[in-house]
Structure formats: structure tokens, C-alpha cells
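The first sequence finishes on residue 940 if you use this note's numbering, and the numbering steps up by one all the way, no holes.
Just so it is clear, CB atoms sit at the ideal spot from N, CA and C, and this is done for glycine as well.
Since the structure is predicted, the reported quantities are computational estimates derived from the model, not experimental observations.
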Amino acid sequence: MTDQTNQTDRTETGARPVRVRIAPSPTGDPHVGTAYIALFNYAFARHNGGKFLLRIEDTDRERSTKESERAIFEALRWVGLSWDEGPDIGGPFGPYRQSERSDIYRKHADELVAKKAAYHCFCTAQRLTELREKQKAAKSDFGYDGFCRHLPEAEVQAKLKAGAPNVIRLAVPEGETSFNDLVRGEVTFQNSTVDDQVLLKSDGFPTYHLANVVDDHLMQITHVIRAEEWISSTPKHVLLYRAFGWEAPQFVHMPLLRNQDRSKISKRKNPTSLLWYRDQGYLPEALLNFLALMGWSVQEGQDIFNLESMIRDFTLDRVTTSGPVFDLQKLEWLNGVYIRDMAAPELARRVRESALKDQPVDEAFLLRTLPLVRERMKKLTDYVPMTAYLYSETVNPSAQDLVPKKGTPQSASAALTAAADALQGLADWSSPAIEQCARQLAVTLGMKERDLFMSVRVAVTGGPVSPPLFESLELLGREKSVARIRAAIGKLAAG
RNA sequence: GCCCCUGUCGUCCAGCGGUUAGGACGUAAGAUUCUCAAUCUUAAAACCGGAGUUCGAUUCUCCGCAGGGGCGCCA
Numbered sequence: 446m447t448d449q450t451n452q453t454d455r456t457e458t459g460a461r462p463v464r465v466r467i468a469p470s471p472t473g474d475p476h477v478g479t480a481y482i483a484l485f486n487y488a489f490a491r492h493n494g495g496k497f498l499l500r501i502e503d504t505d506r507e508r509s510t511k512e513s514e515r516a517i518f519e520a521l522r523w524v525g526l527s528w529d530e531g532p533d534i535g536g537p538f539g540p541y542r543q544s545e546r547s548d549i550y551r552k553h554a555d556e557l558v559a560k561k562a563a564y565h566c567f568c569t570a571q572r573l574t575e576l577r578e579k580q581k582a583a584k585s586d587f588g589y590d591g592f593c594r595h596l597p598e599a600e601v602q603a604k605l606k607a608g609a610p611n612v613i614r615l616a617v618p619e620g621e622t623s624f625n626d627l628v629r630g631e632v633t634f635q636n637s638t639v640d641d642q643v644l645l646k647s648d649g650f651p652t653y654h655l656a657n658v659v660d661d662h663l664m665q666i667t668h669v670i671r672a673e674e675w676i677s678s679t680p681k682h683v684l685l686y687r688a689f690g691w692e693a694p695q696f697v698h699m700p701l702l703r704n705q706d707r708s709k710i711s712k713r714k715n716p717t718s719l720l721w722y723r724d725q726g727y728l729p730e731a732l733l734n735f736l737a738l739m740g741w742s743v744q745e746g747q748d749i750f751n752l753e754s755m756i757r758d759f760t761l762d763r764v765t766t767s768g769p770v771f772d773l774q775k776l777e778w779l780n781g782v783y784i785r786d787m788a789a790p791e792l793a794r795r796v797r798e799s800a801l802k803d804q805p806v807d808e809a810f811l812l813r814t815l816p817l818v819r820e821r822m823k824k825l826t827d828y829v830p831m832t833a834y835l836y837s838e839t840v841n842p843s844a845q846d847l848v849p850k851k852g853t854p855q856s857a858s859a860a861l862t863a864a865a866d867a868l869q870g871l872a873d874w875s876s877p878a879i880e881q882c883a884r885q886l887a888v889t890l891g892m893k894e895r896d897l898f899m900s901v902r903v904a905v906t907g908g909p910v911s912p913p914l915f916e917s918l919e920l921l922g923r924e925k926s927v928a929r930i931r932a933a934i935g936k937l938a939a940g
């Protein structure tokens, strides 16, 4: 068993120390997909005693923002996946922000041109747009038509000298390119279907393709674990590694998270912002557990496990390749499981920070309320509405709710009056004593317990659905409890 | 249009040539119960289709079909 594991590890990881990375681009809200991919990279790195790094791919000057970058850090920290090297903490292979590495890319792009593996292209954006439209109309293949690829050298030099705006494109050779995806097997592309991709934009910034290959090599990345959407650009990357004379890393393409309709997950059809999940009161450990479930499984089959055990058990051969539908209902269930299993003080802390937004709270009281609601909570934020009646001065039940199904306002009123009187005179204000008193009262009144209790419940909590009644009364205190019952009687009398 | 990936209950996973095709979420019914939850029990629910390989295919191969992704000076 151990031997087999070691063998698998050896073929999966090779000789070099494992180094993996996530490379989010700081545009918009931090995405669940980022956490999803981060999780698998993290688990793989930790399982193999390797490094997990964070690199910010901010080469799109139009869309990248510092704010978004900060949000990525914040979200990743919240979720609990810590990186060993990154823009905020540095590391031996920095800088880890691509906008700070421009000259590196420029140099490498020039090297490619010198090697004839890339070429300058002077086509205008307008010509390219027209080209695409033509191709679309003709239903022909898409992609750059190679117009500038065979410009005479003298002309290229003249244009460069004249300062003509240009980009550098990859000169895709003839033949075919394949790579071995560690979970999908060999994937092959005819080079004729691979575009002469732009590597260096006219603003001097690299595209993803160049930057990611150069950085992965320079940062000694051994395994590229990324989303499925990258499969079709992988041949470009392989071609780049080859052109540079570098060894390519191993590739693993994880499936894409899906909306209910199976399209790639999107914010129009599904919450995708990690901060949304945080603000809704999901626990990071539940989210991680849930994310792990869609793409990986434990040998023994259990579906509740923590990060630590995932790291221990994680191997690539149990990674799935089919696109999982993001099922919020299952996440909710899992979240509830974690809430129920959490130690009380810890849960109190989370509730305070999340649901209570760090408002000043009576810690002791919070701790006392938790047992009444924790097994009913699916999200941390559920705490607030579920316990509102315990914090408010009064409640506002409807007259209709106060009357049991087969009762009348008069009978309900009589029952509540008796209850108020009994509770008022109760010697011991504790939940067992209150319960005993209430049950006795039902007998005395000749009522069904559930009917009596329901009237009291509505009177005291404000509605027909609530945490356990007697514990609620105890927490609320005699004064408030009785006052609420009397107020309800008044309400019934009023009509 | 071209290329690539994927295809087991509604959903997420298990299965890795021979199984009564298993678990979880959800759903339904019941038990418990002061309501709602939680908990427990039970039930319904799936191998995309067709060829081939084989004594035997959910499992291997091929062809269809379906879903998804890609085809940007975005990542």
C-alpha cells in the first residue's frame, strides 16, 4: 500500500521538488473558481512537501485593479489557503506581480524573434476585426491569417525603425503538438489549428501565454494545475517551452465548475464571488470541503473531511474530469454539518464576526443562545433572524397565529392568561421548571400540550416557528416572558 | 465553421471485465417531537445510442449523439 503510493508519487512528481502556483488576474471579484483551483494546487503541493505560490497576472492594463488584487488576498486568506511565495510576502523568484516583470518578457520575446520562433506583426486592430468578421461570414477557420509572418526582413526593419506600432506573434511551425495531461492522458493538436498567438502586445506588456510560460519556467513550476478552459491553448505553451529550449512542466486540467444549465459557472447564474460566500455566512472549511468534492474523492468514500486529511490523502489519480454542477443546496447542508460540529466558543466567535459584524455583544448571552439555534442554522447569518426575539424588547405576533387550529380567540386568551399567571408565580425560573409548569397547566386546562405551547410560543417569540420554547423563556427572563404573554392577550382582545 | 475535453440516479461522487450498480445532497413516506430543525428508518431514482473485442461489458476500442470549453493586442 505504502509502496504503491510512493510509486504513484514518483511518477506524478518527478525528480524536482514540487512547485505549483495559482495565477489569478485581478479583475473583478475574487472568484470561487480561483479558490477551487487553488485548493487542488495547495493540496497537491502540501501532499508532496512542495511549495504553493501566488502570482498576480495583471498584464491587462485596462481591467486590472489594485482593489481587486487586495480582494484576492483577502478572499484567499479567508478561505485559509496560504501561499509560500507571493507578491505580498515575497520569495526567491520575485517579483510575483507580472506588471513588475515587463523587461523580462520583452527580453524573452526578442529572443524568440531572434530565433525565428516569433515575428513582428504590424496589423492594425481594425484589420484584425475585419478579418474575423470575414471569417465568420465565410464560416471558415478563425485565427490570424499570417499576413505579417513572411514580410521581407528589410521591410520589417524599416517599419521598426520608423516606430510603427507592432506586436510579436508566435510563429507556429508545421506538424502537431501534444502533451500528457496527468489526469486526461495524451492530448494532441494539429499545429494548423493553433493560432499565431500574440505574445507581446503593442503596449509592451505580454499576453498571458508568454508571461505564464516565462514565469512558470523562471519560478521553477513543476506542475501546472489549472482549469479546463486552458486546454486548447496548451499547445501554444508547449511550443513556447520548446522554442526557448526549456523543459515543460506537467499539466493537469481540472474540470470547469458549472451553472445548473451546465454552462461554465458565471455570476449571472450563480453566486461566484468568494466574498459573497463569506458574507452569507458560509464557513471556509465547509466551502473548501464542498469544492474538494467536485473533482476529487476519498478512497473510503466519505464526503466530510477537512483540509488536513485531504492533504494527507490527495493524489491525482482520484481527480475527476467531468464538469460538476455547483449545487448550493449541498453546500448549505455541509455548512450546517460544520456548524453543528464546531466547538461552542469557536462558533460564538464566528457568529460574532460574521452575522453580528463585530457589534458589541454580551459574550455570555451569545454563548447561552447558541444551543437553541445551532442545530437549526445552515449559515452563520441565520443566527440573527433566528434569535431576534431574544434580543428585542417586544415582539409582534399576529392574532391569527395566537389561536390554535381548533381554538377560538376566547379559549386562546384564557389559556394565555392562565399561563401568564402560572409563570408569574413560578418559584424556580429554569427551563425544566417552566416545562413542568406548562405541562401541568395543559392538564389543568384540559388542553393539548401542543396547542397551549403554540399559543405561548407565538406570544413570546412572535411566530409559530421558533427554537425550543422553555429554553427560550428561561433566557428571556420572567419579566419579559410574562409581559409578552399579557401583551398577546391584549392583542386577542383587541380583535 | 474548426479544434479539444467530457458523458453512471435530478445533483456530487464510487465502480477501474463477472456487483442485487454503492454512498451523499435533494425528494417522498414514517419514527421522534412543544413548532421548526436535528436525528433515525424506509422508498423512488442512473450506466446516452450503436457496432466491435471478449465466455462475459457500465468498465476496453471505434462510430454516432449530447453537453461543455477554446478559436482576442482578456486571462
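Assuming residue i and residue j make a contact with CB atoms under 8 angstroms, what is their CB distance in whole Å?
{"i": "I879", "j": "V905", "result": "11 angstroms between Cβ atoms; not a contact."}
{"i": "S527", "j": "T472", "result": "Contact doesn't hold; Cβ gap of about 23 angstroms is too wide."}
{"i": "S799", "j": "T826", "result": "7 angstroms"}
{"i": "C593", "j": "F567", "result": "6 angstroms"}
{"i": "Y487", "j": "L736", "result": "The Cβ separation is near 11 angstroms, so there is no contact."}
{"i": "H553", "j": "L701", "result": "About 30 angstroms separates the two Cβ atoms, so there is no contact after all."}
{"i": "L937", "j": "A857", "result": "6 angstroms"}
{"i": "A559", "j": "A616", "result": "No, A559 and A616 are not in contact; Cβ-Cβ is about 12 angstroms, not under 8 angstroms."}
{"i": "A731", "j": "L663", "result": "37 angstroms between Cβ atoms; not a contact."}
{"i": "Q665", "j": "R464", "result": "5 angstroms"}
{"i": "T717", "j": "S711", "result": "7 angstroms"}
{"i": "L557", "j": "A688", "result": "6 angstroms"}
Let me check you understand the geometry: is the CB of residue i closer than 6 angstroms to at least one non-hydrogen atom of the ligand FMN?
{"i": "Q642", "result": "The ligand content of the structure shown is nil, which means the ligand FMN is not present either."}
One question on the structure: do residue i and residue j come within less than 7 angstroms of each other, judged by their Cβ atoms?
{"i": "T814", "j": "L792", "result": "no"}
{"i": "A530", "j": "G536", "result": "For the sequence presented, residue 530 should be read as Glu rather than Ala. Cβ atoms of E530 and G536: closer than 7 angstroms."}
{"i": "G907", "j": "V840", "result": "yes"}
{"i": "L684", "j": "T766", "result": "no"}
{"i": "L720", "j": "Y783", "result": "no"}
{"i": "P462", "j": "G495", "result": "yes"}
{"i": "P694", "j": "D660", "result": "no"}
{"i": "F489", "j": "M699", "result": "no"}
{"i": "R500", "j": "Y541", "result": "yes"}
{"i": "L861", "j": "I934", "result": "yes"}
{"i": "L421", "j": "A867", "result": "Nothing about residue 421 can be read from this structure; the chain reaches only from 446 to 940."}
{"i": "N780", "j": "K714", "result": "no"}
{"i": "V806", "j": "R797", "result": "yes"}
{"i": "W741", "j": "V770", "result": "no"}
{"i": "I749", "j": "H492", "result": "no"}
{"i": "T479", "j": "P651", "result": "no"}
Which residues bound the beta strand (DSSP E) around residue i?
{"i": "H595", "result": "That residue, H595, is in no beta strand (DSSP E); it is neither H nor E in DSSP."}
{"i": "T633", "result": "630-635"}
{"i": "V927", "result": "First-last for V927: 923-939, but that is the alpha helix (DSSP H), not the beta strand (DSSP E)."}
{"i": "L615", "result": "612-615"}
{"i": "K496", "result": "496-499"}
{"i": "L645", "result": "643-645"}
Could you tell me which residues DSSP pairs with residue i in its beta bridges?
{"i": "I670", "result": "V697"}
{"i": "D505", "result": "Answer is none; D505 lacks a bridge partner."}
{"i": "E621", "result": "Q635"}
{"i": "A563", "result": "L615"}
{"i": "D626", "result": "G630, F696"}
{"i": "R703", "result": "K709, V770"}
{"i": "E530", "result": "L498"}
What are the boundary residues of the alpha helix (DSSP H) that includes residue i?
{"i": "I676", "result": "Premise fails: I676 is in no alpha helix (DSSP H) and is neither H nor E."}
{"i": "I710", "result": "Segment: none, I710 is in no alpha helix (DSSP H) and carries neither H nor E."}
{"i": "I756", "result": "752-758"}
{"i": "G785", "result": "Going by the sequence as given, residue 785 is Arg instead of Gly. Here the alpha helix (DSSP H) through R785 covers 773-786."}
{"i": "R884", "result": "876-890"}
{"i": "R466", "result": "Careful: R466 lies outside any alpha helix (DSSP H), inside the beta strand (DSSP E) at 464-467."}
{"i": "H492", "result": "477-492"}
{"i": "N841", "result": "Run containing N841: none; DSSP gives neither H nor E here."}
{"i": "R895", "result": "894-906"}
{"i": "E512", "result": "511-524"}
Nearest to residue i by alpha carbon, out of the options?
{"i": "L573", "options": "I670, A864, Y589", "result": "Y589"}
{"i": "R902", "options": "R500, R577, E919", "result": "E919"}
{"i": "F518", "options": "T889, D533, L732", "result": "D533"}
{"i": "A483", "options": "V669, D706, E619", "result": "V669"}
{"i": "E502", "options": "L521, R491, R466", "result": "R466"}
{"i": "K646", "options": "L914, D555, K581", "result": "D555"}
{"i": "Y686", "options": "V658, L596, G781", "result": "V658"}
{"i": "E916", "options": "A928, Q881, A788", "result": "Q881"}
{"i": "R965", "options": "V477, D640, G740, G525", "result": "Any question about residue 965 goes unanswered here, given that the chain covers just 446 to 940."}
{"i": "S434", "options": "A932, R797, V796", "result": "Absent from the model: residue 434. The displayed extent of the chain is 446 to 940, so no value can be given."}
{"i": "I613", "options": "V643, H492, G620, R923", "result": "V643"}
{"i": "R522", "options": "L897, P849, G746, R723", "result": "R723"}
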